[in-house]
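In full-length UniProt numbering, the protein residues as written are 1 to 564. Even glycine gets a Cβ: it sits at the ideal position worked out from N, Cα and C.
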């Protein structure tokens with residue numbers, strides 16, 4: 001009686017046929033229960049016994065049972081990944097790494113704040129403190145003051161196979177246990193035995209029935225130390241002064257910066273089309289939304305959804321450049337004739353204003369026409385269009401009320417995800433380069449690494465990662481507020497010159513920075529009071545103001561962390 005309109009009788013009729021097909025495919029819900037619980041039990045057993053060389057557990061599993069009874073335990077595993085010292089790795093970092101391995105996990109509190117509070121030992125006061133730190137449901141703030149705000153969950157269904165479980169376990173081993181670790185328990189665990197069931201029945205199709213419950217034999221488990229033997233006695237190791245992680249992690253800086261080598265701007269990049277190639281300049285006007293024309297355009301698919309390098313790596317091969325004198329943007333790509341667009345805003349009667357979404361923010365945009373749509377579609381090999389952010393002041397701006405700025409100040413943004421500017425430090429790049437090159441066992445060009453991080457402002461500071469201790473900076477007449485670190489996603493794995501993907505880059509960043517994938521800082525600039533544009537120039541001196549409290553603040557982002 002709560003139905004609004006006609007009852008969905010077609011779907012109701014389809015239910016019986018759906019259940020019939022499910023019965024035919026699987027043999028019924030009892031078989032599904034046995035199959036999925038067997039996979040969860042196997043994964044739980046191996047996962048809970050993975051240990052670092054010092055005996056520390058690799059994960060902390062949150063469960064009210066010991067996975068011994070399918071009547072009281074479903075086929076899900078909820079956990080957090082730990083480092084060698086027993087500290088939690090943020091669920092956003094784990095999610096980013098999982099996506100590189102084509103594994104989908106769910107993260108956060110799973111719409112169950114009560115269970116989240118109970119298992120993570122979060123008090124009501126902690127909830128309030130997390131809210132004050134900017135944490136809301138569905139965001140990527142996974143750690144506040146080093147404590148987790150959520151966890152990671154994997155689920156098994158009737159279509160899941162043993163190979164899926166093994167792929168997941170191999171992923172955890174790959175990101176947390178190096179080849180140098182003396183013994184990885186998972187390596188001694190082979191495919192679980194079944195009761196007279198051929199191997200091919202473990203993954204089924206057509207009318208095959210699900211296999212009986214999988215069993216791990218005593219012989220296979222005897223080499224895995226029991227949880228009580230190890231988890232209760234391990235102690236965090238003393239930090240090694242010689243370790244790369246200690247060298248690359250946050251570098252302490254003095255409370256005030258006195259003397260020393262001056263900090264200067266070495267490179268300036270803008271990205272006229274979101275997620276496309278960088279346009280390098282030596283000086284550039286600054287507008288109310290950041291660098292003039294930075295991320296004013298974006299490519300969308302046939303459904304109007306923003307396309308980024310995550311879905312289409314070849315976007316990095318689209319090279320836009322801005323000619324301020326001729327007031328045009330020229331777009332080039334290999335094998336394509338250059339095409340140009342006017343910089344004049346075409347918002348008017350002939351332009352259809354539509355709403356688009358950038359990382360949950362709604363923005364007003366208009367289509368740039370059939371010519372460029374055909375050009376991009378031909379190059380990318382899929383239907384797409386180019387849209388531009390509307391400058392119509394009557395339209396609602398893309399704004400963000402940023403922590404640290406005046407509550408009455410709404411900062412206007414272009415089509416970026418997070419902030420007007422992204423800044424990185426060459427010293428930090430060089431230190432990270434050493435670590436990545438050592439892992440890759442091959443040299444890595446500094447310029448290539450700089451381009452992977454897609455910053456607007458590149459500076460040369462004496463100390464690596466000292467930028468993470470800054471609260472504000474001045475560059476010439478421009479004043480910037482630091483609004484937080486940039487937590488990196490898989491886009492840094494894409495070579496910006498070739499479009500090739502290498503997941504080792506994000507894994508190396510994670511290993512180098514310890515429990516996070518932060519690199520670079522976000523900046524906001526107060527809106528200009530004058531109608532004249534300020535100029536940002538290479539060679540300008542950077543004057544930072546240090547934080548009063550040097551503790552790194554949690555990231556303040558939604559789903560995608562990089563500026564694209």
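Where residue 519 falls: helix, strand or coil (DSSP): The residue you call residue 519 lines up with position 519 of the chain shown. Reduced to three states, the DSSP call for residue 519 is strand.
Meets three-Cβ-pair contact criterion under 8 Å: the stretch 22-33 and the stretch 130-144: no
First and last residue of the uninterrupted beta strand (DSSP E) at residue 267: Counting from 1 along the chain shown, the entry for residue 267 is found at position 267. Segment 263-270, the beta strand (DSSP E) holding residue 267.
Assigned exposure category for residue 383 - 16 Cβ within 10 Å defines buried: Reading the chain shown from its first residue, position 383 is the one you call residue 383. Answer is exposed; the Cβ neighbour count stays below 16.
Burial state of residue 232, where buried means 16 or more other Cβ atoms lie within 10 Å: Within the chain shown, the letter at position 232 stands for residue 232. Residue confidence is low: residue 232 scores 37 on pLDDT, short of 50, so the model does not pin down where it sits. Its coordinate-derived value is still stated next. That one is exposed.
Local conformation of residue 159 per DSSP, three classes: Mapped onto the chain shown, residue 159 falls at position 159. It is coil, neither helix nor strand.
Residue closest to residue 155, alpha-carbon to alpha-carbon, out of 481, 126 and 41: On the chain shown, residue 155 is found 155 positions in, with the first residue counted as 1. When each option's Cα is compared against that of residue 155, the closest is 41.
Three-state secondary structure assigned by DSSP to residue 54: Here residue 54 is taken as the residue at index 54 of the chain shown, counted from 1. Of the three classes helix, strand and coil, the one that applies to residue 54 here is coil, per DSSP.
Residue 364 versus residue 387: straight-line alpha-carbon distance, rounded: Here residue 364 refers to the residue found at position 364 of the chain shown. Here residue 387 refers to the residue found at position 387 of the chain shown. Computed Cα separation, rounded: 10 Å.
Inter-residue spacing [alpha-carbon to alpha-carbon] between residue 542 and residue 521: Numbered from its first residue, the chain shown carries residue 542 at position 542. Numbered from its first residue, the chain shown carries residue 521 at position 521. Each residue's alpha carbon lies about 14 Å from the other.
Segment limits, beta strand (DSSP E) that includes residue 494: In the chain shown, counting from the first residue as 1, residue 494 sits at position 494. Segment: none, residue 494 is in no beta strand (DSSP E) and carries neither H nor E.
Beta-bridge pairing of residue 537 - partner residues as DSSP gives them: On the chain shown, position 537 is the one that residue 537 refers to. BP columns for residue 537 point to 283.
Selected residue, minimal CA-CA separation from residue 476, among 285, 422, 486 and 14: In the chain shown, residue 476 corresponds to position 476, counting from 1. Of the listed residues, the one whose Cα sits closest to residue 476 is 285.
Minimum length 4: unbroken alpha helix (DSSP H) runs contained in the stretch 442-518: 446-452 and 504-513
Length-filtered (4 minimum) alpha helix (DSSP H) runs lying within the stretch 101-165: DSSP runs (the alpha helix (DSSP H)) wholly in the stretch 101-165: 113-120 and 124-132.
Residue 369 classed as buried or exposed, judged by whether at least 16 other C-beta atoms fall within 10 angstroms: Within the chain shown, numbered from 1, the residue matching residue 369 stands at position 369. Residue 369 comes out exposed.
Test: residue 38 CB closer than 9 Å to a CB of chain D: Going by chain labels, chain D is absent from the structure shown, which holds only one protein chain.
C-beta atoms of residue 34 and residue 57 nearer than 9 Å: Counting from one through the chain shown, the residue named residue 34 turns up at place 34. Counting from one through the chain shown, the residue named residue 57 turns up at place 57. Cβ atoms of residue 34 and residue 57: not closer than 9 Å.
Span of the beta strand (DSSP E), counted from its first residue to its last, around residue 323: Within the chain shown, numbered from 1, the residue matching residue 323 stands at position 323. Segment 319-323, the beta strand (DSSP E) holding residue 323.
Identity of the residue in 448, 496 and 422 nearest residue 519 by Cα: Residue 519 sits at position 519 when you count from the first residue of the chain shown. Nearest of 448, 496 and 422 to residue 519, Cα basis: 422.
Cα-Cα separation, residue 336 to residue 492: The sequence position of residue 336 within the chain shown is 336, counting from 1. The sequence position of residue 492 within the chain shown is 492, counting from 1. If I take the Cα positions, the gap works out to 26 Å.
Backbone secondary structure at residue 309 - three-state DSSP: Translated into positions along the chain shown, residue 309 becomes position 309. Looking at residue 309 - three-state DSSP - the assignment turns out to be coil, as it is neither helix nor strand.
Nearest neighbour of residue 59, chosen from 309, 292, 85 and 544 [CA to CA]: Position 59 of the chain shown holds residue 59. That would be 85, whose Cα lies nearest to the Cα of residue 59.
Pairwise C-alpha distance: residue 298 and residue 39: Here residue 39 corresponds to residue number 39 of the chain shown, with the count starting at 1. Here residue 298 corresponds to residue number 298 of the chain shown, with the count starting at 1. The straight-line gap from Cα to Cα measures roughly 43 Å.
DSSP three-state assignment for residue 290, whether helix, strand or coil: As a position in the chain shown, residue 290 is number 290, starting the count at 1. Looking at residue 290 - three-state DSSP - the assignment turns out to be strand.
Same chain only: Cβ atoms within 6 Å of residue 109, ignoring 5 sequence neighbours per side: The sequence position of residue 109 within the chain shown is 109, counting from 1. The answer, listed in chain order, is 116 and 150.
Cβ pair residue 283, residue 268 closer than 9 Å: Taking the first residue of the chain shown as position 1, residue 283 is located at position 283. Taking the first residue of the chain shown as position 1, residue 268 is located at position 268. Contact: yes.
Whether residue 316 touches residue 424 by CB criterion (9 Å): In the chain shown, counting from the first residue as 1, residue 316 sits at position 316. In the chain shown, counting from the first residue as 1, residue 424 sits at position 424. Contact: no.
Cutoff 6 Å; reference residue 503; Cβ partners in own chain excluding five residues on either side: Along the chain shown, one-based indexing puts residue 503 at 503. Hits under 6 Å: 100 and 493.
Boundaries (first-last residue) of the beta strand (DSSP E) holding residue 336: To locate residue 336, count along the chain shown from 1; it is residue 336. Counting along the chain, no beta strand (DSSP E) covers residue 336, and no H or E run does either.
Alpha carbon of residue 6 to alpha carbon of residue 14, nearest angstrom: Counting from 1 along the chain shown, the entry for residue 6 is found at position 6. Counting from 1 along the chain shown, the entry for residue 14 is found at position 14. Straight through space, the alpha carbons of residue 14 and residue 6 are spaced by roughly 16 Å.
Residue range of the unbroken beta strand (DSSP E) whose run includes residue 579: Residue 579 lies beyond the residue range present for the chain, which begins at 1 and ends at 564; the question has no answer from this structure.
Distance CB(residue 273)-CB(residue 295) smaller than 9 Å: As a working note, residue 273 is residue 273 in the chain shown. As a working note, residue 295 is residue 295 in the chain shown. Yes. Within cutoff.
Outcome for residue 261 when other beta-carbon atoms lying within 10 angstroms are tallied against a minimum of 16: Sequence index remark: in the chain shown, residue 261 carries index 261 (1-based). Burial call: exposed.
Contact under 9 Å by Cβ, residue 87 with residue 134: Position 87 of the chain shown holds residue 87. Position 134 of the chain shown holds residue 134. Between residue 87 and residue 134, the CB-CB gap reaches or exceeds 9 Å.
Segment limits, alpha helix (DSSP H) that includes residue 37: By 1-based counting over the chain shown, the position of residue 37 is 37. That run of the alpha helix (DSSP H) goes 29-48.
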